Amino acid sequence: MKIVIPGGTGQVGAILDRALTEAGHEVVVLTRRPKREGEVWWDGEHLGSWAREIDGSDVVINLAGRSVSCRYTPANLKAMMDSRVHSTRVVGEAIAAAAHPPRVWLQMSTATVYTHRYDAPNDEATGLIGGAEPDVPGYWAYSVEIAKNWEREQERADTPGTRKVALRAAMVMSPDRGGVFDVLLGLARLGLGGPVAGGAQYVSWIHDQDFVRAVEFLIARDDIAGPVNLAAPGPLPQRAFMRVLRAARGIPVGLPATKWMAELGAFVLRSDTELLLKSRRVVPGRLLAEGFTFDHPQWPEAAVDLVRRSRGGAVSTRRPVRA
Ligand SMILES: NC(=O)c1ccc[n+]([C@@H]2O[C@H](COP(=O)([O-])OP(=O)(O)OC[C@H]3O[C@@H](n4cnc5c(N)ncnc54)[C@H](OP(=O)(O)O)[C@@H]3O)[C@@H](O)[C@H]2O)c1
Numbered sequence: 001m002k003i004v005i006p007g008g009t010g011q012v013g014a015i016l017d018r019a020l021t022e023a024g025h026e027v028v029v030l031t032r033r034p035k036r037e038g039e040v041w042w043d044g045e046h047l048g049s050w051a052r053e054i055d056g057s058d059v060v061i062n063l064a065g066r067s068v069s070c071r072y073t074p075a076n077l078k079a080m081m082d083s084r085v086h087s088t089r090v091v092g093e094a095i096a097a098a099a100h101p102p103r104v105w106l107q108m109s110t111a112t113v114y115t116h117r118y119d120a121p122n123d124e125a126t127g128l129i130g131g132a133e134p135d136v137p138g139y140w141a142y143s144v145e146i147a148k149n150w151e152r153e154q155e156r157a158d159t160p161g162t163r164k165v166a167l168r169a170a171m172v173m174s175p176d177r178g179g180v181f182d183v184l185l186g187l188a189r190l191g192l193g194g195p196v197a198g199g200a201q202y203v204s205w206i207h208d209q210d211f212v213r214a215v216e217f218l219i220a221r222d223d224i225a226g227p228v229n230l231a232a233p234g235p236l237p238q239r240a241f242m243r244v245l246r247a248a249r250g251i252p253v254g255l256p257a258t259k260w261m262a263e264l265g266a267f268v269l270r271s272d273t274e275l276l277l278k279s280r281r282v283v284p285g286r287l288l289a290e291g292f293t294f295d296h297p298q299w300p301e302a303a304v305d306l307v308r309r310s311r312g313g314a315v316s317t318r319r320p321v322r323a
């Protein structure tokens, strides 16, 4: 198949590009700064010659969006919103204008669309969409608004020949340098892998290989459309999540951090505490109901596998730079 991945130069794009290329597909990445074979320029906002890549392709997987690993200043929040909404809109326009549109458009969304909760897991049918939680910082609602607008933009695209799926993905755990697992493991090795603000908040996650398999499953299954949760069936409280990670890496101690310490740490890391403190309890209702099976459903085994692979040396995340 020819698979076009707008925004495919980042963490998730590298995982998909590597796996889908290895599986024998032709992968084209749309990026604002092409450097490597298989990368084509676009600006993420306007139709251009890049749209020719989409015309005649089989699959589009749009991942574009300003990184969420930053301080949630008004300017950054606006950039997070605009980059997602605009890129989704223009991908929809390219598909709508194609003489031979792709069979399926997988659009990245996020598990953050669901409410901050501890009491019950969110699946697609019964899960509660967030934004109205009491006692959480106001800007958390904005993250949910971004997710909702992102999905709405795909829904409203007029692409009758193309099946549309929104990927409500949890944190994708891979051994790649700079990825979320690498960062968490690095913190744990510094002794900072303890509970944050009590650690009762749930962490939803998905092993990179299951993420790729789920994407392949959703490409193959012509009868599945709409939002699909991409999360392992075993989300767990942050305290347990980090304890398991420390055990997998043989790290005995993880210092607890209070909320203000997390604020300080996030400030130093130029990140934001929502990523640490929001309770994301998300489960793969539709994937399981449709017969998808996870190779790594539970965190203790998945963490051991990821630690083993990360010890095997840095994973090459990128295609070689063009000569
Ligand atoms: N990583 C996860 O675990 C996870 C989980 C759930 C959802 N997601 C979502 O999945 C998507 C991919 O995640 P990721 O971790 O791979 O993110 P990433 O590493 O930040 O990569 C996102 C890509 O989007 C492109 N981009 C950034 N700003 C843009 C803009 N203003 N206009 C157009 N393109 C822009 C960049 O490509 P160029 O600079 O090359 O143009 C970048 O490589 C993101 O939208 C993220 O929110 C990620």
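The sequence shown begins at 1 in full-length UniProt numbering and counts up one residue at a time.
The C-beta atom is built at its ideal place from N, Cα and C for all residues, glycine as well.
Quick caveat, the model's predicted, so the values are computed rather than measured.
Nearest-angstrom Cα separation, counted from G48 out to D305: 42 angstroms
Extent of the continuous beta strand (DSSP E) run through N62: V59 to N62
Runs of beta strand (DSSP E) lying entirely within the stretch 159-184, each at least 3 residues, in chain order: 163-169 and 171-173
First through last residue of the alpha helix (DSSP H) which encompasses T258: Where T258 is concerned, there is no enclosing alpha helix (DSSP H), given that its DSSP letter is neither H nor E.
Delimiting residues of the beta strand (DSSP E) encompassing L190: Where L190 is concerned, there is no enclosing beta strand (DSSP E), given that its DSSP letter is neither H nor E.
Euclidean distance between Cα positions of L276 and Q201: 8 angstroms
Buried/exposed call for Y72, threshold 16 Cβ in 10 Å: buried
Bridge partners - V113, DSSP secondary structure assignment: Its beta-bridge partners do not exist; DSSP assigns none.
Beta-carbon contacts of G254 that lie in its chain and below 8 angstroms, excluding the five residues immediately before and after: A188, G191, L192, G193, G194, P195, M242, R243 and R246
Cβ contact check for the stretch 96-111 and the stretch 162-174: 3 or more pairs under 8 angstroms: yes
Neighbourhood of P102 by C-beta distance below 7 angstroms, restricted to the same chain and skipping five residues each side: I54, S57, D58, V59, V60, I95 and T162
Cβ-Cβ distance between G92 and T159 below 8 angstroms: yes
Exposure label - G312; buried when at least 16 CB within 10 Å: exposed
Nearest-angstrom Cβ-Cβ length linking R85 and I219, presumed shorter than 8 angstroms: Note on identity: in this sequence residue 85 is Val, with Arg being the wrong assignment. That belief does not hold up - the Cβ atoms of V85 and I219 are roughly 24 angstroms apart, past 8 angstroms.
Range of the contiguous alpha helix (DSSP H) that encloses T31: That residue, T31, is in no alpha helix (DSSP H); its beta strand (DSSP E) goes E26 to T31.
Complete runs of the alpha helix (DSSP H) confined to the UniProt domain "DUF1731" (270-305) [at least 4 residues]: 274-277 and 285-289
8 angstroms Cβ cutoff met for L63 and P6: yes
Opening and closing residue of the beta strand (DSSP E) in which I39 lies: The residue you asked about is not Ile; residue 39 is Glu in the sequence shown. Unbroken beta strand (DSSP E) run through E39: E39 to W41.
Residue list, Cβ distance to ligand 1 heavy atoms smaller than 6 angstroms: G7, T9, G10, Q11, V12, G13, T31, R32, R33, G44, L63, A64, G65, R66, S67, V68, S83, S87, M108, T110, A169, M171, V172 and V180
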